[in-house]
Amino acid sequence: MIELLEGVPGAGKSYHAVAEYLLPWVRKGRRIYVNVDGFYLDRLAKFEGVPLEDLQRQITIWQTSAEVLDGLTKVDPGSAVFVDECQTVFRAQQKLNGEILRWLETHRHYGIDVLLICQDYRQVTSGVTRVIEMTTKFRRLDRFGFRNRYQAFVRGNPEELEVIRGFTGTYDPKVYAYYGSYATSTKEVRHVRSILRSPSIILGAIGLSVATGWFVFGGGTFGSGSTVSPTLATHTPKPPDWMRMDVSPRLSDIHPIRIQGGMTDPRLDGHEWLWVAEDGRLLTVDEIAAESGGTVQAITSRGGKVLKGSGVLWGGASTALSVLTDVPTAEVTSGASSLSAPTAPSVTKTPTRPASSIGERLTTERAATDPTSRAIGQIEEPR
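Next comes the structure, spelled out in structure tokens:
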């Protein structure tokens, strides 16, 4: 099988590849061919407790793109191939050798698994992307406050839009020791810390504090008459590094969002689904997963799409329906998406509901025949 891991730098794709693919292959004794920057056998032997000579017989390291192209068709049957930054080997719009293309098309006959990593599949030539069977898109979560976690969504071929499943993972600092990406980031962090601790910065901060104190307490305002009453400035000392605690969120910090139903977006020919939250908001799967902090997966059940996972609660209270049915028609249809609100013929209408609400204007027959106005969990499909 040929698999592709894609995502921006720091999204977790290299970490996931080492933790979930490379290390299990090594521990099973599988023959491996690797093209990963910063991967060294002596480091692997040290942390795995395996003699270096055994790893040298088990693992072949390709140093350049030319070595990858030359050795790809010569790997042993039943082996595993791991190529990081594969866009540097199989560049977009670059014509591949016919022998390599035939090998990619028939690699499964020899029991070979291929793992490729890049930032975007469109950077890779179509001769490679068209034979990829599974694609995993990684996304950074540090912007949402989750520094120790990453999120990914799995689909088939890179050109396919439907997400098969999603998952989140937690970074284990022990895995960082196996490859060089973490070493580079550690040096950058240490460099920043060393700058902040330099004597020039410290002396400058002291001088600024003295000047500020003189201005406040020593009559910084010139002239006669007015005096400045001294104000006691409070300062909270910064605790030392060893007293600081890591307040990164844990995997248990998941806040599921209750979803009432969903609808397709006609702007994207029905490929994009918008899901109705309990408070009436329209959210995508990515937005639900990021906000809840859990896994969210869209599946097909009884002819319709539903959501499953730790970050979502399906159905329940009818708050979202009442919010939608109380919105004037002009406010809904004037937007860029032009989504028709879902109707709920089985819900008893209350006297306080305005007569111009969408739920009273749309009939069940119109909603059933218009796929863009179907809301999952609200209208039953015609039999």
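Residue numbers (the UniProt record's numbering): 1 to 383. We put the CB at the ideal spot given by N, CA and C, even for glycine. Note that the structure is a prediction, hence the values are computed from the model and not measured.
Return the residue from the list 105, 102, 168 that minimises the CA-CA distance to residue 136.
Comparing Cα-Cα distances from residue 136 to each of 105, 102, 168, the minimum goes to 168.
Beta carbon of residue 277, beta carbon of residue 138: below 8 Å?
No, Cβ-Cβ distance for residue 277 and residue 138 is not below 8 Å.
For the beta strand (DSSP E) holding residue 36, just list the boundary residues, first then last.
Careful: residue 36 lies outside any beta strand (DSSP E) and carries neither H nor E.
Using the beta-carbon count (16 or more within 10 Å), is residue 40 buried or exposed?
Exposed, by the Cβ-count rule.
If you reduce the DSSP assignment to three classes, tell me which class residue 129 lands in.
Residue 129: helix per DSSP, three-state reduction.
Could you give the C-beta distance for residue 75 and residue 178, rounded to a whole number, given that I count them as a contact under 8 Å?
Actually they do not touch by this definition, with Cβ atoms about 22 Å apart.
List in chain order: all unbroken alpha helix (DSSP H) runs of 4+ residues lying wholly within the segment 74-108.
With a minimum length of 4 residues, the continuous alpha helix (DSSP H) runs that stay inside the segment 74-108 are 98-106.
With DSSP collapsed to three states, give me the class of residue 253.
Of the three classes helix, strand and coil, the one that applies to residue 253 here is coil, per DSSP.
State the beta-bridge partners of residue 305 as determined by DSSP.
According to DSSP, residue 305 bridges with 300.
Can you name the start and end residues of the alpha helix (DSSP H) that residue 25 belongs to?
Unbroken alpha helix (DSSP H) run through residue 25: 23-27.
Quick check on the DSSP output: the beta strand (DSSP E) that includes residue 276 runs from which residue to which?
That run of the beta strand (DSSP E) goes 273-277.
From what residue to what residue does the beta strand (DSSP E) around residue 114 run?
Its beta strand (DSSP E) spans residues 113-118.
For residue 257, which residues of its own chain have a beta-carbon under 8 Å away from its beta-carbon, when the five flanking residues on both sides are left out?
For residue 257, where only same-chain residues beyond five positions count, the Cβ hits under 8 Å are 277, 278, 283, 288, 291, 292, 311, 312, 313.
Please check the pair residue 68 and residue 97, which I expect to be a contact at CB under 8 Å, by giving their CB distance rounded to whole angstroms.
About 12 Å; that fails the 8 Å criterion.
Using only CA atoms, which one of 211, 174, 262 lies nearest to residue 46?
For the residues 211, 174, 262, the minimum Cα distance to residue 46 belongs to 174.
Can you name the start and end residues of the beta strand (DSSP E) that residue 151 belongs to?
Start and end: 149-155.
Put residue 6 into one of helix, strand or coil per three-state DSSP.
Three-state result, residue 6: strand.
Write down the C-beta distance between residue 37 and residue 84 rounded to the nearest angstrom, noting that I regard them as a contact closer than 8 Å.
The pair is a contact, with the Cβ atoms about 6 Å apart (cut-off 8 Å).
Given this structure, state the Cα-to-Cα distance separating residue 107 from residue 100, to the nearest angstrom.
One C-alpha to the other measures close to 10 Å.
Span of the beta strand (DSSP E) holding residue 288?
Segment 285-292 is the alpha helix (DSSP H) holding residue 288; no beta strand (DSSP E) there.
By Cβ distance below 7 Å, which residues in the same chain neighbour residue 22 in space, the five residues on each side in sequence not counted?
So the qualifying residues of the chain are 82.
Does residue 158 come out as helix, strand or coil in the three-state DSSP assignment?
The answer is coil: DSSP assigns residue 158 none of H, G, I, E or B.
Hey, residue 103 and residue 125 are a contact pair by Cβ (cut 8 Å); roughly how many whole angstroms apart?
Not a contact, Cβ separation roughly 14 Å.
Sorted by chain position, which residues of the same chain lie with C-beta nearer than 7 Å to residue 59's C-beta, five sequence neighbours on each side aside?
Closer than 7 Å at the Cβ level, and outside the excluded window around residue 59, lie 32, 34, 41.
Who are the Cβ neighbours of residue 134 in its own chain at under 6 Å, not counting the five residues just before and after it?
Result list for residue 134: 3, in chain order.
Any idea if residue 8 is buried or exposed, counting beta-carbon neighbours within 10 angstroms, 16 or more meaning buried?
Exposed.
With distances taken from CA atoms, which of 129, 304, 296 is nearest residue 263?
Checking every option, the nearest Cα to that of residue 263 belongs to 304.
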